[in-house]
Amino acid sequence: MPSTVFPPVPHHERLSTTTESLEWADLPIVDLSKADTPEGRAQLALRVRDAMSKEGFFYVINHGLTQAQNDRMFDIADVPFSLVGDDEKKIYTGDFEKTGVYLGYKARQHWHINGGVRDQIEQYNMDRDVSKSEHPKALRPFLPEIDAFSRYCHYDILNPILRLLALGLELPEETFVNIHGFEDNNETAIRFMKYFPRSEKEELITENVWLKGHTDIGSVSMLFSQPISALQMLSPDGKWRWVKHIDHALVINAGDVMEFLSGGFYKATIHRVVQPPEDQRGYPRVGVFYFAKANDDVKLVPFAESPLLQRVGIKRLCDDADAPTMLEWRKSRTSAYGLTKLEKKENNIEEEVIIGVVVKHYN
4 MPSTVFPPVP HHERLSTTTE SLEWADLPIV DLSKADTPEG RAQLALRVRD
54 AMSKEGFFYV INHGLTQAQN DRMFDIADVP FSLVGDDEKK IYTGDFEKTG
104 VYLGYKARQH WHINGGVRDQ IEQYNMDRDV SKSEHPKALR PFLPEIDAFS
154 RYCHYDILNP ILRLLALGLE LPEETFVNIH GFEDNNETAI RFMKYFPRSE
204 KEELITENVW LKGHTDIGSV SMLFSQPISA LQMLSPDGKW RWVKHIDHAL
254 VINAGDVMEF LSGGFYKATI HRVVQPPEDQ RGYPRVGVFY FAKANDDVKL
304 VPFAESPLLQ RVGIKRLCDD ADAPTMLEWR KSRTSAYGLT KLEKKENNIE
354 EEVIIGVVVK HYN
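The opening position of the sequence shown corresponds to residue 4 in our numbering, with each subsequent residue numbered one higher.
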């Protein structure tokens, strides 16, 4: 049979990993190929439970995508930034504050970082079902590949992780899978992102912070590891540590929704993006992400029937009666992010209140 011929896409050689001595986070590695059997899932569930209740981050390897598929998706991820003109970008730019829907382009300098300095981050966000909306002309030849990638991420990577998270709480395997349906109403999405270098003055004003410390809105975030170091996590001991690149791995973290649903047992990971180390500066940094959000009608209350939670106790972010639905939470946080005035607290923490829930930002 003839091999599949894909449309050509500009290829970008990726930088080598940094040679600088950095304080790296010691994160567990989960071999997803072992999740194919009940015994393997039981073993991995303990590892994932430990990671998500402590560090909040872990790596996934042997996820089934090839290195060539991974590399090509990074090339495709740059298309909406490098091959689409500014006028066309405006057509597909989302009105996040008005709609609370985080799809389409986010332009550079949309968010305030610190001291009058605005971000240099461009994003293109797509519904996991790429057929639900129109896309820039340059991206259209690649939509079949993006669609296949999206479905693989959901069914073959996200769902196994959700099963492990449910087993970790001693809940039925499909508990979280059932409320994160690919075909259901939710805002699970693919994100292509490009960070651009900043001036020395901007770095000085912001103390090298490109994106403030924050937690993600949704349930589970999947980041495809790439060699330019910039991601840091706030470790349990209160120190910021770098997240190291592992070839062909995914970096997984929990978001607000998983903390809601797990009664505080799984921690929404506090992380930020900073200026890369000196030997990687001056280059754009492209990212590929898959962000999972629960179905819109899910009320964000703990699964109190969890035997584990009944033993260790439940820490609610708000009273169950006041808990938002997924739709209310994502729209409220999306409309406010990077635009509302934050109240300064101790230890470089800033706070805002989103529908009765305190949301913290970290510098």
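Every residue, glycine too, gets a C-beta built ideally from N, C-alpha and C. The structure displayed is predicted, hence computed values, not measured ones.
Taking DSSP as the reference, what is the three-state secondary structure of residue i?
| i | result |
| --- | --- |
| residue 162 | helix |
| residue 271 | coil |
| residue 82 | helix |
| residue 34 | strand |
| residue 292 | strand |
| residue 382 | Not covered by the structure: residue 382. The range shown for the chain is 4 to 366. |
| residue 5 | Confidence at residue 5 is low in this model, with a pLDDT of 48, below 50, so the placement of that residue is unreliable and no value is reported for it. |
| residue 65 | coil |
| residue 22 | coil |
| residue 131 | coil |
| residue 189 | coil |
| residue 57 | coil |
| residue 155 | helix |
| residue 317 | coil |
| residue 285 | coil |
| residue 178 | coil |
| residue 201 | coil |
| residue 43 | helix |
| residue 333 | helix |
For a quick check, are the C-beta atoms of residue i and residue j less than 9 Å apart?
| i | j | result |
| --- | --- | --- |
| residue 155 | residue 67 | yes |
| residue 178 | residue 362 | no |
| residue 148 | residue 197 | no |
| residue 185 | residue 157 | yes |
| residue 292 | residue 160 | no |
| residue 117 | residue 215 | yes |
| residue 96 | residue 103 | no |
| residue 30 | residue 77 | no |
| residue 174 | residue 309 | yes |
| residue 34 | residue 47 | yes |
| residue 326 | residue 356 | no |
| residue 299 | residue 189 | yes |
| residue 64 | residue 264 | no |
| residue 255 | residue 276 | no |
| residue 295 | residue 183 | yes |
Just mark residue i as buried or exposed, buried being the case when its beta carbon has 16 or more other beta carbons within 10 Å.
| i | result |
| --- | --- |
| residue 143 | exposed |
| residue 259 | buried |
| residue 5 | Because the pLDDT at residue 5 is just 48, under 50, the model does not fix this residue reliably, and the point stays unresolved. |
| residue 25 | exposed |
| residue 278 | buried |
| residue 221 | buried |
| residue 88 | exposed |
| residue 231 | buried |
| residue 274 | buried |
| residue 359 | exposed |
| residue 131 | buried |
| residue 7 | exposed |
| residue 59 | buried |
| residue 403 | Residue 403 is absent from the structure shown; the chain starts at 4 and stops at 366. |
| residue 367 | No answer is possible for residue 367: the residues shown for the chain start at 4 and end at 366. |
Distance check for residue j and residue i, CA to CA, integer angstroms please.
| i | j | result |
| --- | --- | --- |
| residue 290 | residue 243 | 21 Å |
| residue 249 | residue 324 | 43 Å |
| residue 316 | residue 38 | 28 Å |
| residue 281 | residue 321 | 43 Å |
| residue 119 | residue 344 | 13 Å |
| residue 137 | residue 93 | 13 Å |
| residue 301 | residue 329 | 6 Å |
| residue 28 | residue 272 | 13 Å |
| residue 91 | residue 129 | 16 Å |
| residue 319 | residue 236 | 23 Å |
| residue 19 | residue 307 | 46 Å |
| residue 73 | residue 176 | 28 Å |
| residue 181 | residue 169 | 11 Å |
| residue 163 | residue 82 | 30 Å |
| residue 208 | residue 10 | 43 Å |
| residue 338 | residue 354 | 16 Å |
| residue 21 | residue 287 | 15 Å |
| residue 110 | residue 42 | 46 Å |
| residue 123 | residue 334 | 23 Å |
| residue 166 | residue 269 | 14 Å |
| residue 53 | residue 133 | 34 Å |
| residue 238 | residue 332 | 26 Å |
Report the partner residues of residue i according to the DSSP bridge assignment.
| i | result |
| --- | --- |
| residue 226 | 254, 292 |
| residue 364 | 353 |
| residue 145 | Residue 145 is not bridged to any residue. |
| residue 312 | Residue 312 is not bridged to any residue. |
| residue 196 | 126, 290 |
| residue 140 | Paired residue(s): none; residue 140 is not in a bridge. |
| residue 115 | 121 |
| residue 276 | 214, 234 |
| residue 52 | Paired residue(s): none; residue 52 is not in a bridge. |
| residue 108 | 96, 127 |
Quick check: does the Cβ of residue i come within less than 8 Å of any heavy atom belonging to the ligand FMN?
| i | result |
| --- | --- |
| residue 146 | Judged by which ligands are present, the structure shown has none, so any question about the ligand FMN falls away. |
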